[in-house]
Amino acid sequence: MPELPEVERARSVIADHALDREIVAVDDSDTWVCRPHAPGEIAAALVGRTIERACRRGKSMWCELSGDGPVLGLHLGMSGRIIVDEFSGGDPQPRSMGPADSPWTRFSVRFADGGELALFDKRRLGRVVLDPNIDRLGPDAMEISRDEFRRRIGRSHAPLKARLLDQHAIAGVGNLLADQTLWLARQAPARPASDLADAELDELRRVLRRATRSAIELGGVHTGSFITHRTPGGVCPRCQAPLGRATVGGRTTWFCTAEQAYAP
DNA sequence: ACCTATGTTGATAC
DNA sequence: GGTATCAACATAGG
Numbered sequence: 002m003p004e005l006p007e008v009e010r011a012r013s014v015i016a017d018h019a020l021d022r023e024i025v026a027v028d029d030s031d032t033w034v035c036r037p038h039a040p041g042e043i044a045a046a047l048v049g050r051t052i053e054r055a056c057r058r059g060k061s062m063w064c065e066l067s068g069d070g071p072v073l074g075l076h077l078g079m080s081g082r083i084i085v086d087e088f089s090g091g092d093p094q095p096r097s098m099g100p101a102d103s104p105w106t107r108f109s110v111r112f113a114d115g116g117e118l119a120l121f122d123k124r125r126l127g128r129v130v131l132d133p134n135i136d137r138l139g140p141d142a143m144e145i146s147r148d149e150f151r152r153r154i155g156r157s158h159a160p161l162k163a164r165l166l167d168q169h170a171i172a173g174v175g176n177l178l179a180d181q182t183l184w185l186a187r188q189a190p191a192r193p194a195s196d197l198a199d200a201e202l203d204e205l206r207r208v209l210r211r212a213t214r215s216a217i218e219l220g221g222v223h224t225g226s227f228i229t230h231r232t233p234g235g236v237c238p239r240c241q242a243p244l245g246r247a248t249v250g251g252r253t254t255w256f257c258t259a260e261q262a263y264a265p
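Throughout the first sequence, residue numbering follows the numbering used here, covering 2 to 265 in sequence.
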C-alpha cells in the first residue's frame, strides 16, 4: 500500500502539523510494532521533547527531536497511515474511528496541547523504532542521479521490475508504482535490467520521477493511469491489447502484452 | 467454512 | 554476493 508517494504525504502531515509541540505521553505498548524496544523505552526517549523535523528516504520516515537523543523512526508497512489530530497521510483507506479509541492504533504520541500523532495500521506490518538504520537503503527514487540510476539499476541480471523493487538498489518504489512506471516506459518487467541501454535507463528514470511526482500530487500510487486496468480482462489503455499477468520479483505483475512483450 | 489475495520487509537458503 | 522464497501480520473477498 504505502509507497513513496503515500509516505511523502504522511511525512508532510507531520511536518505541517506536528512540529514544535511538546510531547507529554507516548503509547508504545505494542511490542510487535515497536520491537525490539520494551514498553516505555520509546516513551522515555520522547516525553518532554518536540519534533523538530520530519524526514523521509524511500518508504522510511524519521522524526528529529529536540535536544540530544535518538531519532524516531516510522515505517508504514503495507497498511499504515499517520494521523495528526484530524489530518492524515499514508494508506488511503478511510478511517472510521478516531486514533485514540481505535483498535488499529498501534502507536501514539500525546501533545501538551491535547492533540495527538498516531500510527493507524490494521495489519501491524508498520514499525516504530528509535534510531532506524536507513543506511542500507538505496538513494531515494526522487533524488537519485542519472549516473547512479544507470549503475544501480542497469548492472544487475535480475528482472528489471525486481531491480526497481529492491530497496537496497533504489528506495521508494513499490509494486504498483513499478507497474505504472514500466507501462509508461513500455518496458517488459521480466527483461534483465542489464539488457537496457544507457538511453533506456535514462528514459526509465525520467518516467519514474514523473510517475512518482504525479502520484504525490494526486494522492497515491492508486491514482496511476495504468493501475485501474490491473484487473482480469483489462486491456491496455493505449493500444487496447489484452493485459498479461505474471509473477516477477515475487510480486503480482500486470503489463501490456503488445507494448511490453518480452521473449527471452 | 475455507481458501486465496493483498500495495512491505526481513531472515533464510541456494 | 545476488537472487529467490517464505514468514511475519490482519483483513477482504470468492
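Yeah, the Cβ is synthetic: ideal placement off N, Cα and C, and Gly gets one too.
Inter-residue CB distance, residue i and residue j (contact presumed, cutoff 8 Å)
i, j, result
"A189", "F112", "The Cβ separation is near 50 Å, so there is no contact."
"W63", "P133", "6 Å"
"G173", "L5", "3 Å"
"L178", "V222", "5 Å"
"P238", "S226", "7 Å"
Beta-carbon proximity list for residue i, same chain, < 7 Å, skipping 5 on both sides
i, result
"A170", "G139, R153, I154 and R164"
"P25", "The sequence given here places Val at residue 25; Pro does not occur at that position. The residues are V48, R111, F112 and A113."
Candidates the options: closest to residue i by CA position
i, options, result
"E87", "R128, L120, W184 and A186", "L120"
"L77", "P3, T254 and D17", "P3"
"I15", "R151, R57 and M79", "R57"
"D31", "K123, L183 and R246", "K123"
"A28", "P6, P104 and T232", "It should be pointed out that residue 28 corresponds to Asp in this sequence rather than to Ala. D28 has its Cα closest to that of P104, out of P6, P104 and T232."
"T248", "L161, G235 and R187", "L161"
"R210", "A198, S61 and A186", "A186"
"N176", "G235, S80, T254 and M143", "T254"
"Q168", "T213, D141, L219 and S226", "D141"
"R192", "A159, K60 and V208", "A159"
Residues near residue i by beta carbon distance below 8 Å, same chain, minus five either side
i, result
"L131", "H38, E42, I43, A46, P71, V72, L73 and G74"
"R54", "A16, L20, C64 and E65"
"T224", "S215 and A216"
"C240", "C257, A259 and E260"
"P40", "D29, S30 and T32"
"E117", "I84, V85, D86, P100, A101, S109, V110 and R111"
"L166", "V174, G175, N176, A179, G250 and R252"
"R22", "T51, I52, F112, A113, D114 and G116"
Straight-line Cα distance separating residue j from residue i
i, j, result
"D180", "R156", "20 Å"
"V129", "G91", "15 Å"
"R252", "S89", "28 Å"
"V110", "I84", "10 Å"
"R147", "D203", "6 Å"
"H230", "R50", "47 Å"
"A200", "D136", "29 Å"
"V8", "A264", "36 Å"
"A262", "I52", "49 Å"
"R206", "G115", "44 Å"
"G245", "G127", "31 Å"
"R82", "E144", "23 Å"
"M98", "R125", "Per-residue confidence for M98 stands at a pLDDT of 44, beneath the threshold of 50, marking its modelled position as unreliable; the derived number appears in the next sentence. Their Cα atoms are separated by approximately 17 Å."
Where residue i falls, given that 16 or more other Cβ within 10 Å makes a residue buried
i, result
"G68", "exposed"
"A194", "buried"
"A11", "buried"
"R36", "exposed"
"R151", "buried"
"T232", "exposed"
"L197", "buried"
"G59", "buried"
Any non-hydrogen atom of the ligand FAD within 7 Å of residue i CB
i, result
"V222", "Questions concerning the ligand FAD fall outside what the structure shown contains, since it holds no ligand whatsoever."
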